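*Asks:*
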Amino acid sequence: MSPFVLDRPAVLERLGDDEDIMFMMLGMCCDDVENNCRELSEALVAADLEGLRRAAHTVKGTLASVSDDDGAALAFALEKQARAGELAGAEALLLALQARLRHVAGVLASVLASR
Amino acid sequence: MDQVLIIDDSQINLTLIRALIIKQGGCEPIVFDRPLNALEWCRQHVPDLVIVDYMMPDMDGLSFIAAFRALHGRTEIPVLMITANDQKDVRYQALRGGANDFLTKPIDKFEFGARVGNMLALRAGQKYLANRAAELEEKVQERTQAIRDRERELIFRISRAAEFRDPETGAHIQRMAYYSEIIAQGLDLDEVSRRLLLEAAPMHDVGKIGIPDLILLKPGRLSPEEFEVMKRHAVLGYELLKDSGSGIMQAGAEIALSHHEKYDGSGYPKGLKGQQIPLFGRIVAVADVFDALTSSRPYKRAWTVEEACKMLEDGRGTHFDPLCVEAFFAGWDQVLEIKQRFRDEEIPEL
Chain A
1280 MSPFVLDRPA VLERLGDDED IMFMMLGMCC DDVENNCREL SEALVAADLE
1330 GLRRAAHTVK GTLASVSDDD GAALAFALEK QARAGELAGA EALLLALQAR
1380 LRHVAGVLAS VLASR
Chain B
83 MDQVLIIDDS QINLTLIRAL IIKQGGCEPI VFDRPLNALE WCRQHVPDLV
133 IVDYMMPDMD GLSFIAAFRA LHGRTEIPVL MITANDQKDV RYQALRGGAN
183 DFLTKPIDKF EFGARVGNML ALRAGQKYLA NRAAELEEKV QERTQAIRDR
233 ERELIFRISR AAEFRDPETG AHIQRMAYYS EIIAQGLDLD EVSRRLLLEA
283 APMHDVGKIG IPDLILLKPG RLSPEEFEVM KRHAVLGYEL LKDSGSGIMQ
333 AGAEIALSHH EKYDGSGYPK GLKGQQIPLF GRIVAVADVF DALTSSRPYK
383 RAWTVEEACK MLEDGRGTHF DPLCVEAFFA GWDQVLEIKQ RFRDEEIPEL
């Protein structure tokens, strides 16, 4: 999986070139990352497939909103696995997704800091 | 300002959509992160547009739309559902369940603006049609009232036309109409029927227009031949009114034809008996005779109330429907009040 680089023009285009909305959204993504990671872990530990599916779905949306297609695909893979009721291999996917989330959050934090 | 209800458990989406709605202009965003709370709000408020996410805890978007549509008056409100591109099956279900359109995640401002704009235009059209329908309804009511007013005036003038040729007075028309209504009340007729009777009874003698003055205005007793001519006023009145499209006129036609029938079959023009005589005819017969007896005419003195009452009592089951006589006496206080309120002008006794 390639390192995340914020495709600023793509995100801005989707938001109608509205930088205020974009920065607000990036800030919220950063703020939400640890919550997202915790919800994923708790769902897996509790073998809560519905909770895991919903948490993965939320992360998929968050990553897609910053145009991280690779990260969104990873989240979608976990979402599908939870929907299918397969926990085998889910932990590896989850760890990869959490790592991706934190990586993306780090990039976004840099963007926000350099604003 | 249009109220846009936004329901999404993701704070990022909620904030983003809220910001986009404010940018849209002319809209007030109402946001909920719990669908059940949003549904509670919807019980008291009618939004102009609903934007709802599909996947939420407690209640998903499909269930929310179903519950929202089940609320009274919410079937036409536009609903946009937010779904991911991979949720084709969900989109089909949402369409069947009452969603009007979709928003794809991640949200694109251009697509968002266009779809929200379309939905709000749809809502504006709905509101315009609803207001127009209400305006038209109001106009129809106004016009209907105007027609009814004209109809009442016409009836009054027709009735007066007959009275001009008759020694009976305008007050007689009003008294006998109200006496008729008192009897109808005693018989437990519904309000619509009572109103119809009140408005139609004044036309009972309209056929007298067609009776020659020599007979109509004759001060003395009519000969048998003259009386036969006089009896024609019942049929003449009926012929004059029967083909009208007005319910009041039709009731007037029935009354004109039947108010001289007698309960035992000895009346005219058809010699109908008992229940064969239309109810309005049986009612008006009592009211008309009582008032005629207790009124002064150039050729006769007014009977006393006691004398007239005895005549009604004696005529129970022969001249009059006993139930109508009973209903008349049951409303006796009102009868006296009407008699007092609509008094004849002084007529010198012969």
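Going line by line, the protein sequences match chains A and B.
Using our numbering, you'd call the opening residue of the first sequence number 1280 and step up by one each time.
Using our numbering, you'd call the opening residue of the second sequence number 83 and step up by one each time.
For glycine and all other residues, C-beta sits at the position ideal for the given N, C-alpha and C.
This one's a predicted model, so the numbers in the text were calculated from it and none came from an experiment.
#1: Is THR157 of chain B close to chain A? Criterion is C-beta to C-beta, closer than 8 Å.
#2: Compare the beta carbon distance of GLY335 of chain B and LEU323 of chain B with 8 Å and say whether it is the shorter of the two.
#3: Alpha helix (DSSP H) containing ALA1335 of chain A: first to last residue?
#4: So what does DSSP say about ALA149 of chain B, is it helix, strand or coil?
#5: Do you know offhand how far ASP403 of chain B's Cα is from ALA243 of chain B's?
#6: Near MET331 of chain B, what residues of its chain come up, given a Cβ to Cβ distance below 6 Å and the 5 sequence neighbours on each side ignored?
#7: Which parts of the region 154–229 of chain B are runs of the alpha helix (DSSP H), unbroken and 4 residues or longer, counting only runs that do not cross its ends?
#8: Can you tell me the Cα-Cα spacing of HIS286 of chain B and GLN227 of chain B, whole angstroms?
#9: Which residues does DSSP pair with ASP135 of chain B in a beta bridge?
#10: If you draw a straight line from the alpha carbon of LEU405 of chain B to that of SER340 of chain B, how long is it in whole angstroms?
#11: Do you know whose CA, among B:ALA120, B:ASP84, B:ASN200 and B:GLU263, lies nearest VAL407 of chain B's CA?
#12: Let me confirm a value: VAL1284 of chain A is counted as buried when at least 16 other C-beta atoms fall within 10 Å, else exposed. Which label applies?
#13: List the residues that DSSP assigns as beta-bridge partners of ARG398 of chain B.
#14: From B:LYS355, B:CYS109, B:ARG257 and B:ALA176, pick the residue whose C-alpha is nearest to that of MET163 of chain B; which is it?
#15: Among residues of its own chain, excluding the 5 on either side of PHE410 of chain B, which ones have a beta-carbon nearer than 6 Å to its beta-carbon?
#16: Using the DSSP secondary-structure output, state which residues sit across from ILE94 of chain B in a beta bridge.
#17: Sort B:ILE293, B:PRO117, B:GLY108 and B:VAL274 by Cα distance to ASP91 of chain B and report the nearest one.
#18: Does any C-beta atom of chain A lie closer than 8 Å to the C-beta of SER92 of chain B?
#19: Using a beta-carbon distance below 8 Å, is ASP168 of chain B in contact with chain A?
#20: Pick helix, strand or coil for LEU304 of chain B, following the three-state DSSP scheme.
#21: Expressed to the nearest angstrom, what Euclidean distance is found between the alpha-carbon atoms of ALA259 of chain B and PRO284 of chain B?
*Replies:* So, to answer that:
#1: no
#2: It is worth fixing the name first, because residue 335 of chain B is Ala in this sequence and not Gly. Yes. Within cutoff.
#3: 1328–1344
#4: helix
#5: 30 Å
#6: LEU323
#7: 170–179
#8: 24 Å
#9: B:ILE164
#10: 17 Å
#11: B:GLU263
#12: exposed
#13: B:PHE402
#14: B:ALA176
#15: ILE265 and VAL368
#16: For ILE94 of chain B, which the question treats as bridged, DSSP gives no partner whatsoever.
#17: B:PRO117
#18: yes
#19: yes
#20: coil
#21: 6 Å
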